[in-house]
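For reference, the structure discussed in these notes is given below.
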Amino acid sequence: MCSVLTDDCMQFLKITDASCVIHFSFPSSPTIFGQRLYNMSDNFHSVIKDSSDQDHQQARSVVMLTENECHTVGILRYLERAEADIPPGLGEVLEAEEKKFARPLCTYLKMFGSCKNRTVCPDRHQINLQIDMLQNVPSKTKQTSAYVTVLPLHIVNATNYFGRIVDKHKDQYTILAEEINEYFKETSNRVAVQKVEKLALYGFCEETVFHRVQVVETSPKEEENSNIKIKYVDEGRTGQVPSSQLLHLPARFQLLPPQAVEFVVCRVKPIDNDTEWNPKVTRYIHQKIERKPHEAKVVLTLGNTVWIDPMVRVTRLSDLKMYVNEYSVRAEILSTGLGTDNPEHISQLERLCEHAKVLSHTKNLEPLSIKEDAVSPGNVSELQNVSLEKNSSENCNSSKVNMGNDPCGSLFTVFGLIPIKLSYSFYPEIKWFENEEAVTVKVLIARIADYKCEFSKDKVIFSACSEGKLYLVDMELYQCILTEESACVIKDKEAIIVLRKEKKGSWCKLLKNKNPRVSFDFEYWEGFEDKSPFPVGTKKLHCTTAVTEELVDSSEDSGAESDE
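Read in order, the letters of the sequence shown are residues 1 to 564 in full-length UniProt numbering.
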């Protein structure tokens, strides 16, 4: 007997003796998936090999999906966990997606909610929280349904822009921009950079305005005035400029995180199922919205990308003392006849991101503080079988963290979403030193492509991506710090985190709990007659002053370069 059922009517039939369930499409929620499988509950039996009960009929669950299905990779991971046979064709899809794990999130996935060419698209089509949550985004945008003022500065196409979120009360970037331009008005402050470092921040003069720029790519030929690729970190656009035009940017101008945010207007796509916007509509929107403030409602935030719906230009009528909506960007696109409605855009993105809430509890895990013998049958649920893996030959300079039989892992994968496994995280080597007022922490990661550093009173969380590897540092500090006066600066071979002490004095250690990857930097050990930070000896650490220009400029003691 074969029955074709919908999810709505299935629960009323109370079927429990089915031998096979065929899923024509993947369920929209874990509850529905469980209800479908419950139809075979009478045929569930123990998987113990020596079971003497042979009367049970084997229950089967068949899922029909294609390689373009968003749940394909998650299903394959579940099959691997269940030690089931994997179809060769889908196994190749899994291998391809594994290689994309550290790639940027697919642009088409962000703009339209789906990618039609997943098999050939080089970018990632699954959410990777360790990469997608690294960027510094204003806290207000993290709340869905929040209303913000957006200023589009770089128009990529009709629905994709880069710009800033403007604070109506106190815009920090406006204050910073005025200070930077005031500083560089003095000719003596325009110090050309002698040696350009990749990913470092510099000053650059475009016509009469000075900008903060980051070096994205350097010329392979070491020439004195070679062209290099830069990114305007506060506008989102890129460009090619001679290296001789880059100016030394004082450390105090680097403290404010990059202000450029990516905006995506939702629920509209090109006509005829096209994947690219017609240049006519892009040009029309460009002329209409560039450098004009708009009011927008945030519907989703992921990494440095904010999805907005609607985005409206509001005009103030001074005579009537009132505001009117001049136009909606989405409506303007539709009015050109070159765009059509895309009602599934937001729901597709939400389904893709729904596991973020489930995984959010892993943020504050400290796996390196858990000993191997601490895991026992009595505390498996508490520790989630987190274990340490010895340094492998593949990465002898980093400590790799593995998650064993994670009780939640099967849930993450069953519902078609790639889990964030701790085996993808590396704990880098860390060195530290101090003076009376500050502690300087050096995270030894070369060529950091993206990072985020969060400060709290007694904890610092630093995450970064470098050369396809993901690093996560969760430090519970020995004593409290001043979060507002602490900062993080990225260099070519390391990240320098300066922690301003809440109370002056020496620390006998950096962390509350000992970590084998954290050690004192003896390069900064100098002779003083004051109290030592260690129980034995009469010497004291010495370092440059924190969160000021001396972080970079006073390099005689620290050995740091002075061109940041």
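Positions of the beta carbon are idealized from the N, C-alpha and C atoms, including for glycine. In this text the structure is predicted, and so the values were computed from the model without any measurement.
Label C2 either buried or exposed according to how many other C-beta atoms from any shown protein chain fall within 10 Å of its C-beta, with 16 as the threshold for buried.
exposed
Length of the line joining the Cα atoms of Y38 and E290:
55 Å
In this structure, what does DSSP give as the bridge partners for F12?
Note: F12 sits in no beta bridge, so no partner.
Leaving out five residues before and five after E332 in sequence, what residues of the same chain have Cβ atoms less than 8 Å from its Cβ?
Y284, I285 and K288
Mind checking I308: buried by the 16 CB within 10 Å criterion, or exposed?
buried
How do the segment 162–173 and the segment 197–211 stand: do at least 3 beta-carbon pairs fall below 8 Å, yes or no?
no
Three-state secondary structure (DSSP) of Y173:
helix
What would DSSP say about L317, mapped onto helix, strand or coil?
Strand, per DSSP.
Which one or two residues does DSSP pair with K442 in a beta bridge?
K431 and I496
List the endpoints of the continuous alpha helix (DSSP H) containing residue 643.
For residue 643 there is no data in the structure shown, the boundaries of the chain being 1 and 564.
By a C-beta neighbour count over all protein chains shown, 10 Å radius and 16 as the cutoff for buried, is K457 buried or exposed?
Classification for K457: exposed.
Residue burial classification, C508 (beta-carbon count within 10 angstroms, cutoff 16):
C508 is exposed by the Cβ-count criterion.
Own chain residues within Cβ distance below 6 Å of S328, not counting five before or after
P310 and V312
Could you round the C-beta distance between E499 and S486 to whole angstroms and report it? I think they count as a contact, below 8 Å.
Inspection of the sequence shows that residue 499 is occupied by Leu rather than by Glu. With a Cβ gap of about 5 Å, L499 and S486 count as contacting.
Could you tell me whether any Cβ in chain B is nearer than 8 Å to the Cβ of K442?
Absent from the structure is chain B; it holds one protein chain and no more.
Based on DSSP bridge pairs, tell me the residues matched to E485.
Beta-bridge pairing links E485 to no other residue.
So, for C20: in the same chain, excluding its five sequence neighbours on each side, which residues have a beta-carbon less than 6 Å away from its beta-carbon?
R60
Pairwise C-alpha distance: K452 and F112:
27 Å
The segment 295–303 touching the segment 144–158, judged by at least three CB pairs closer than 8 Å:
yes
With a CB to CB cut of under 6 Å and the five nearest residues on each side skipped, what residues in its chain are close to C480?
K457, D458 and E502
Measure the Cβ-Cβ separation of L199 and L249 and say whether it is below 8 Å.
no
Could you tell me which residues DSSP pairs with P152 in its beta bridges?
G163
Cβ pair R447, D521 closer than 8 Å:
no
Reducing DSSP to helix, strand and coil, say where I230 ends up.
strand
With DSSP as the reference, please indicate the residues paired to T238 in a beta bridge.
K231
So, with DSSP's three-state summary, where would you put C353?
helix
Between which two residues does the beta strand (DSSP E) harbouring I461 extend?
K459 to S466
Nearest CA to the CA of T275: which residue from R330, N342 and I228?
N342
Determine whether the beta carbon atoms of Y232 and V213 lie at a separation below 8 Å.
yes
Determine, using beta carbons only, whether L246 and Y173 come nearer to each other than 8 Å.
no
My parser needs the beta strand (DSSP E) runs of 3 or more residues fully inside the segment 322–349; what are they?
322–328 and 339–341
My output table needs one value for D530: the three-state DSSP class, helix, strand or coil.
Residue placement at D530 is poorly supported in this model, since its pLDDT is 43, which falls under 50; the coordinates are not used for a value here.
For L13, count neighbouring C-beta atoms within 10 Å of its own C-beta (all shown protein chains included) and say buried if the count is 16 or more, exposed if not.
exposed
Span of the beta strand (DSSP E) around T282
Per DSSP, T282 belongs to no beta strand (DSSP E); it is in the alpha helix (DSSP H), P279 to I289.
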